[in-house]
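Colleague: My questions all concern the structure below.
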Amino acid sequence: MQERLGLATKERPKGRLLWVHAASLGEIGQTRDLLERLMAEPDVTLLVTTVSQSGAGWMARECPQITHQFLPLDTPLAVTHFLKHWAPQAAIFVEGDLWPRLLIAANGQDIPLLLLNARPSRSRERNPDAYAFLLAQFRAITCKSAQVMDALTEIGVARDRLHYFGDLRASAPALPVDTSTVTTLKAQIAGRPTWIAASSHAEDEADILTACSAILTQSPDALLIWAPRHPQRAKAIRHAAQGLSVRQRSQSEPIDATTQIYLADTLGELGTLFSCTNIAFLGGAFGPQGGHNPYEPACFGCVVLTGPNHRNHKDGFTALTAVGAAHVVQNGIDLGNQVLQLLSDQHTQARGAQAKQLVSEANGAAEQTAALIVAQLS
Numbered sequence: 014m015q016e017r018l019g020l021a022t023k024e025r026p027k028g029r030l031l032w033v034h035a036a037s038l039g040e041i042g043q044t045r046d047l048l049e050r051l052m053a054e055p056d057v058t059l060l061v062t063t064v065s066q067s068g069a070g071w072m073a074r075e076c077p078q079i080t081h082q083f084l085p086l087d088t089p090l091a092v093t094h095f096l097k098h099w100a101p102q103a104a105i106f107v108e109g110d111l112w113p114r115l116l117i118a119a120n121g122q123d124i125p126l127l128l129l130n131a132r133p134s135r136s137r138e139r140n141p142d143a144y145a146f147l148l149a150q151f152r153a154i155t156c157k158s159a160q161v162m163d164a165l166t167e168i169g170v171a172r173d174r175l176h177y178f179g180d181l182r183a184s185a186p187a188l189p190v191d192t193s194t195v196t197t198l199k200a201q202i203a204g205r206p207t208w209i210a211a212s213s214h215a216e217d218e219a220d221i222l223t224a225c226s227a228i229l230t231q232s233p234d235a236l237l238i239w240a241p242r243h244p245q246r247a248k249a250i251r252h253a254a255q256g257l258s259v260r261q262r263s264q265s266e267p268i269d270a271t272t273q274i275y276l277a278d279t280l281g282e283l284g285t286l287f288s289c290t291n292i293a294f295l296g297g298a299f300g301p302q303g304g305h306n307p308y309e310p311a312c313f314g315c316v317v318l319t320g321p322n323h324r325n326h327k328d329g330f331t332a333l334t335a336v337g338a339a340h341v342v343q344n345g346i347d348l349g350n351q352v353l354q355l356l357s358d359q360h361t362q363a364r365g366a367q368a369k370q371l372v373s374e375a376n377g378a379a380e381q382t383a384a385l386i387v388a389q390l391s
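Given below as structure tokens:
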């Protein structure tokens, strides 16, 4: 691809250019409020780079007015082409995806570098000296928790470069909701006990099915809404769920009284689906992915469940656990038991409301982060 070789496919906008890099959907999705604040600055234009196609798709849907390119490969020629054409006044990296040659070249051209919402990292723990060198290229680093800030201090990052404004993911606007679809789905659900398994990966599927079967044994009218991270997993899920009554959203199959699993194999509808329940299991934490953002379902008043490998969002789950709105489960049996308990607990809705309140209190992170970035421009 031309852009991956550092060869631009668009003209450079006039004015002061801020370059924001967010590797994929999870990283770019948390920047909506931040991008809007930066666009409001006079004589400032934005370039956003991603690595994944899903991140590029989000930009095309949500911010079509912002120039998007794919990140160049970390080769001398690609980096040179990219920086020469775009000549940014500052570069902002969201959470990570740090490439040595690109960072060193940008720093060498006196381009201010900022790292936003730095998170826990196993790679950093294994190679602290290498990461200390990479992080030394940044003039300012915001951390998603005080614990991350302490960890970066321990590997030698200067304390005066570190900032903690709260988790930027918690300040992201709520996912979009189609209210008419919510009305339709709730009418089809008809008050049945309902939970959702969202953003699941292949490694989560057996445990979700184990939980679903256990729940149905105790609560035969329970409904699982299942929204896999990758819709193409729908065929494998439906095959694995043989013996259960499955309806598939992409096939326009409605929920009826016999439906046990509603397979929502679509994109961009999680906000709508979270609006139909107040119990959400997030995938990616029974396998190696590191979990997914718990603040997304918390915005909708959901109590959030996850597996043991939720390292990328440990701080978010810790904060929600402290108000009784999140639980870590170890396997499918544990997941089923926890969902059953929440379905029968009269306080589940109140705990979901506490989760929603916690998210609303974090909305200052984007404002303070934007101010830090603008200060670097001046």
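Just so we're on the same page, the numbering used here is the position in the sequence shown counted from 1, plus 13.
Idealized CB from N, CA, C, for every residue including glycine.
#1: Alpha carbon to alpha carbon, what distance is there between I209 and D293?
#2: Report the three-state DSSP secondary structure of P310 (helix, strand or coil).
#3: With a threshold of 8 Å, are at least 3 pairs of Cβ atoms found where one atom belongs to the segment 164-172 and the other to the segment 249-267?
#4: Answer with buried or exposed for P189, where buried requires no fewer than 16 other C-beta atoms within 10 angstroms of its C-beta.
#5: Identify the continuous alpha helix (DSSP H) that holds Q389 and give its terminal residues.
#6: Using 10 angstroms around the beta-carbon of R172, count the other beta-carbons present and answer buried if the total reaches 16, otherwise exposed.
#7: Kindly indicate the opening and closing residues of the alpha helix (DSSP H) around S136.
#8: Sort Y308, N322, K199 by Cα distance to P267 and report the nearest one.
#9: Ignore the nearest five residues each way along the sequence and tell me which others in L368's own chain have a CB closer than 6 Å to its CB.
#10: Whose C-beta lies closer than 6 Å to the C-beta of Y275 among residues of the same chain, with five residues either side of it excluded?
#11: With respect to the beta strand (DSSP E) encompassing Q82, which residues constitute its N-terminal and C-terminal limits?
#12: Using a threshold of 9 Å, state whether the C-beta atoms of I79 and L60 are closer than that.
#13: Assuming T279 and R251 make a contact with CB atoms under 8 Å, what is their CB distance in whole Å?
#14: Closer than 8 Å is the cut-off here; do at least three beta carbon pairs connect the segment 282-292 with the segment 224-240?
#15: Roughly how many angstroms lie between the CA atoms of T319 and Y308, to the nearest whole one?
#16: State yes or no: is the beta carbon of W71 nearer than 9 Å to at least one beta carbon in chain C?
#17: Whose C-alpha, out of A73, S193, F83, is nearest the C-alpha of T63?
#18: Please tell me whether L31 and A104 are closer than 9 Å, where the distance is taken between their beta carbons.
#19: Over the uninterrupted beta strand (DSSP E) stretch that includes R251, give me the two end residues.
#20: What residue does the alpha helix (DSSP H) around R132 start on, and which one ends it?
#21: Under 7 Å Cβ to Cβ from Q381, same chain only, skipping five residues before and after it: list those, please.
#22: State the DSSP-derived secondary structure class of H439, mapped to helix, strand or coil.
#23: Assign R25 to one of three DSSP states: helix, strand, or coil.
#24: Does DSSP put Q261 in a helix, a strand or coil?
#25: Among C289, L115, V352, T194, which residue has its Cα nearest to the Cα of S226?
#26: Pull up the distance between the alpha-carbon of A270 and that of D46, whole angstroms please.
#27: Hey, V341 and H326: beta-carbon distance below 9 Å or not?
#28: From this set, D358, A277, Q343, which residue's C-alpha is nearest V316's C-alpha?
#29: If you compare alpha carbons, which of A53, G68, P85 is closest to M14?
Modeller: Walking through what the data contain:
#1: Looking at the sequence itself, residue 293 is Ala, so the reference to Asp does not match. Going by the C-alpha atoms only, they are around 5 Å apart.
#2: The three-state secondary structure of P310, taken from DSSP, is helix.
#3: The answer is no - the segment 249-267 does not touch the segment 164-172, with fewer than three Cβ pairs under 8 Å.
#4: So P189 counts as exposed.
#5: Counting along the chain, the alpha helix (DSSP H) containing Q389 begins and ends at 377-390.
#6: Under this definition R172 is an exposed residue.
#7: For S136, the uninterrupted alpha helix (DSSP H) run begins and ends at 135-139, by DSSP.
#8: Of Y308, N322, K199, the residue nearest in Cα terms is K199.
#9: In the sequence on display, residue 368 carries Ala and not Leu. The answer, listed in chain order, is A311, L333, A338.
#10: Closer than 6 Å at Cβ, skipping near neighbours: I238, R260, I268.
#11: That run of the beta strand (DSSP E) goes 80-83.
#12: I79 is a Cβ neighbour of L60, given a cutoff of 9 Å.
#13: Going by Cβ atoms, the distance from T279 to R251 rounds to 14 Å, so no, they are not a contact pair.
#14: Yes, they touch.
#15: Going by the C-alpha atoms only, they are around 12 Å apart.
#16: Among the chains in the structure shown there is no chain C, since it carries only a single protein chain.
#17: When each option's Cα is compared against that of T63, the closest is F83.
#18: Contact: yes.
#19: Judged by DSSP secondary structure, R251 falls outside any beta strand (DSSP E) and instead within the alpha helix (DSSP H) spanning 247-253.
#20: Counting along the chain, no alpha helix (DSSP H) covers R132, and no H or E run does either.
#21: Hits under 7 Å: F178.
#22: Because the chain is modelled from 14 through 391, residue 439 falls outside the range shown and cannot be assessed.
#23: Note: R25 maps to coil in three-state DSSP.
#24: Looking at Q261 - three-state DSSP - the assignment turns out to be strand.
#25: Of C289, L115, V352, T194, the smallest CA-CA separation from S226 is found for V352.
#26: For A270 and D46, the distance between alpha carbons rounds to 40 Å.
#27: Against a cut-off of 9 Å, the Cβ pair of H326 and V341 comes out as no contact.
#28: Closest option to V316, Cα to Cα, is D358.
#29: Measuring from the Cα of M14, the nearest candidate turns out to be P85.
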